[in-house]
Structures are given as C-alpha cells and as structure tokens.
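Trainee: Just passing along the structure, written as structure tokens.
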C-alpha cells in the first residue's frame with residue numbers, strides 16, 4: 012500500500028514538474044530575429060517618415076512591430092512603418108517610448124516584451140560587429156560623443172553631423188591631420204585663425220590633390236569646440252540654413268550647399284551630404300540626435 016502511495020506521489024510530482032517546465036518554455040520568447048531585418052530600408056524609411064523636422068528612432072518602431080510573435084521581421088512593410096511611426100508623432104513633437112506604450116494601453120507583460128525588444132536592438136546596426144561597443148568604430152564614436160553633444164548645445168550642430176564629419180574627414184581619427192594636428196574636421200586655416208597651422212596634402216575632387224594649410228589644435232576636444240565656432244563665424248552656413256536644420260539630412264545638405272566640402276564623384280556630382288548620411292545611418296548616429304532632442 013505504502014509502495015503504491017509513493018509511486019502515485021512521485022507520478023503527481025513528475026506531472027506537476029512537466030507542467031511547470033512546459034509553462035516556462037511557453038512563457039519564454041525566443042531571441043529577436045534581428046538578422047532578418049532589412050536595416051538599410053527600415054532606417055532610411057523611418058528617417059524619411061520624420062520629415063525635415065522630426066528625428067524618429069527606428070529601434071523603438073521596430074520594437075513595437077516585433078511584439079507580434081508571429082511577425083516575420085523580413086517582411087516589414089512601408090505601411091507598418093508608417094502606422095507605428097504615426098504613434099510617435101503628436102503636434103509636431105516626438106513622443107517617448109514610454110508615452111507610446113502607455114498610449115497603447117498595454118499590460119505589463121506586453122510592455123516588458125516591447126522593452127526587451129528595444130534592449131536587443133540597442134547595439135544592433137547594418138554590420139553588427141561594427142556596432143558592438145567593443146569595436147574600434149564604436150570606441151572612437153564614444154570617445155568624441157560627449158564633445159559632439161556639447162558642440163550641439165553650444166552651436167546647434169547635431170551630434171550625428173559632428174561625429175560623421177570626424178569619422179569621414181579624419182579616417183576614424185587615424186589621419187595625419189588628426190594625429191599630428193588634432194584636427195578632426197579638416198578645417199583649413201582661413202583668414203580669421205591666429206593659432207598654429209600645419210600643411211597637408213588633401214584630396215579635393217575625384218582625383219585631384221593639393222597642398223593646403225590646416226588649423227592645429229592642442230587637443231581633439233579643442234578641435235570639436237572650434238568646429239562649432241568655425242561654422243557659426245561663417246555667414247555662408249547661416250545663409251544655407253545649417254542652423255535652421257532639425258535633422259541630419261537637412262543639415263548635411265545645408266553644409267554641402269554652403270561649400271563645406273567640394274568632394275565629388277567621377278561624374279562631378281557633389282557627394283558630401285550623401286557620405287555623411289551613409290555613415291550616420293550605418294552607425295545609428297541619428298539616435299544620438301534623437302536622445303538629445305527629445
């Protein structure tokens with residue numbers, strides 16, 4: 012009798028254990044299938060949906076779309092992006108992620124799913140290895156991020172623009188100009204500069220090289236500060252709308268139109284704004300703008 016009782020007891024325990032295991036498995040969501048995302052399309056489309064005045068966050072929008080466990084992340088449509096983007100726009104301002112989740116009236120479980128999705132996307136980009144916090148690229152970005160934000164607060168140049176210019180014009184801080192003169196942005200001597208200068212060979216067109224004088228700084232931070240001062244002091248940048256721009260796309264175009272760079276492709280077309288935009292989207296620099304602006 013006692014033996015049968017013990018056998019029955021262990022069977023009950025086993026069934027309960029199996030039930031709990033099944034319940035746990037059912038409640039644990041698999042990792043977000045980030046690799047299925049068509050990031051170049053999604054990022055560019057989300058930035059377009061913000062128009063010329065608002066900088067949206069693609070990670071927040073995708074996090075909400077991905078709440079549906081049956082959603083195939085390789086098949087996110089323009090309509091879905093538009094629908095979710097509209098949730099973040101209210102009277103010409105961008106709502107926070109928390110505000111949107113509250114607006115959707117989600118329960119705590121669904122909110123946690125949305126937050127978990129966002130957390131999984133935080134360090135994800137076009138090339139995941141390059142947006143890893145320990146990558147050479149992200150360590151360089153992090154090293155000048157605070158200065159870029161300060162530059163925005165002082166002079167109105169978006170952090171994404173400052174960082175992208177530093178990347179593009181200093182080859183991630185590895186150029187001779189950056190190493191020898193602490194000049195991250197390729198700023199030339201100009202007529203109002205009374206500080207030190209250094210001469211360097213520079214590429215101006217598709218295949219044209221010239222020798223020119225560039226400003227020399229005591230530190231990279233001094234270069235970042237002077238970046239904003241240089242733009243503010245030159246009326247052509249105000250005239251082209253640099254300081255009226257509210258997104259990286261419009262500010263990059265305004266810099267190009269003001270003649271900040273004469274870089275062209277083999278067809279003679281200006282490509283500076285395009286180059287800045289590609290860097291910004293690839294490394295999620297526009298999300299730094301989003302954090303600072305809102």
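In the working numbering, the protein residues as written are 12 to 305.
Glycine is no exception: its CB is placed at the ideal position from the N, C-alpha and C atoms.
Is the Cβ-Cβ distance between residue 84 and residue 44 less than 8 Å?
Mentor: Closer than 8 Å, so yes.
Trainee: Tell me the start and end of each unbroken alpha helix (DSSP H) in the segment 179 to 266 that is at least 4 residues and wholly inside, in chain order.
Mentor: You should have 187 to 192, 231 to 244, 246 to 250.
Trainee: Using the rule of at least 16 other Cβ atoms within 10 Å of the residue's Cβ for burial, across every protein chain shown, is residue 94 buried or exposed?
Mentor: Looking at its Cβ environment, which holds fewer than 16 other Cβ atoms inside 10 Å, residue 94 is exposed.
Trainee: Using a 10 Å radius around the Cβ and a threshold of 16 neighbouring Cβ atoms, would you call residue 147 buried or exposed?
Mentor: Answer is exposed; the Cβ neighbour count stays below 16.
Trainee: So, at 7 Å on beta carbons, what are the nonlocal neighbours of residue 54 in its own chain, with the 5 sequence-adjacent residues on each side left out?
Mentor: Cβ neighbours of residue 54 beyond the five flanking positions: 69, 292.
Trainee: Would you be able to state if there are at least three C-beta pairs under 8 Å between the segment 236 to 245 and the segment 161 to 170?
Mentor: At 8 Å Cβ cutoff, the stretches touch.
Trainee: Note down the Cα distance separating residue 171 from residue 199, rounded to an integer number of angstroms.
Mentor: Going from the Cα of residue 171 to the Cα of residue 199 covers about 21 Å.
Trainee: Could you tell me whether the segment 274 to 283 touches the segment 246 to 261, using the rule of 3 or more Cβ pairs below 8 Å?
Mentor: Because the criterion of three Cβ pairs below 8 Å is not met, the segment 274 to 283 and the segment 246 to 261 do not touch.
Trainee: Grab me the residues of residue 304's own chain with a C-beta within less than 7 Å of its C-beta, minus the 5 sequence neighbours each way, in chain order.
Mentor: If we look at residue 304 and ignore the five residues flanking it on each side, its Cβ neighbours are 66.
Trainee: Alpha carbon to alpha carbon, how far is residue 50 from residue 297? Give it in angstroms, no decimals.
Mentor: Approximately 14 Å, taken between the alpha carbons.
Trainee: Helix or strand or just coil, what does DSSP make of residue 154?
Mentor: Looking at residue 154 - three-state DSSP - the assignment turns out to be helix.
Trainee: Using beta-carbon positions only, say whether residue 112 and residue 73 come within less than 8 Å of one another.
Mentor: The answer is no: Cβ separation not under 8 Å.
Trainee: Taking the C-alpha atoms as reference points, what is the distance between residue 87 and residue 78?
Mentor: Between residue 87 and residue 78, the C-alpha separation is close to 13 Å.
Trainee: Do you know how far the Cα of residue 223 is from the Cα of residue 183?
Mentor: Each residue's alpha carbon lies about 21 Å from the other.
Trainee: Relative to the C-alpha of residue 240, which residue among 181, 101, 167, 218 is closest?
Mentor: Here the closest residue by C-alpha is 167.
Trainee: Residues in the same chain with beta-carbon distance under 7 Å from residue 137, minus the five sequence neighbours each way, listed in chain order, please.
Mentor: Correct list, in chain order: 50, 51, 293.
Trainee: From the DSSP output, which residues share a beta bridge with residue 100?
Mentor: Looking at the DSSP assignment, residue 100 forms a beta bridge with 105.
Trainee: Starting from residue 285, follow the alpha helix (DSSP H) in both directions and report where the run begins and ends.
Mentor: Unbroken alpha helix (DSSP H) run through residue 285: 283 to 293.
Trainee: Alpha helix (DSSP H) containing residue 126: first to last residue?
Mentor: Per DSSP, residue 126 belongs to the alpha helix (DSSP H) from 119 to 132.
Trainee: Identify the continuous alpha helix (DSSP H) that holds residue 302 and give its terminal residues.
Mentor: 297 to 304 is the span of the alpha helix (DSSP H), which, as asked, contains residue 302.
Trainee: Taking residue 58 as the reference, give the member of 97, 274, 80 with the closest Cα.
Mentor: Comparing Cα positions, the closest option is 97.
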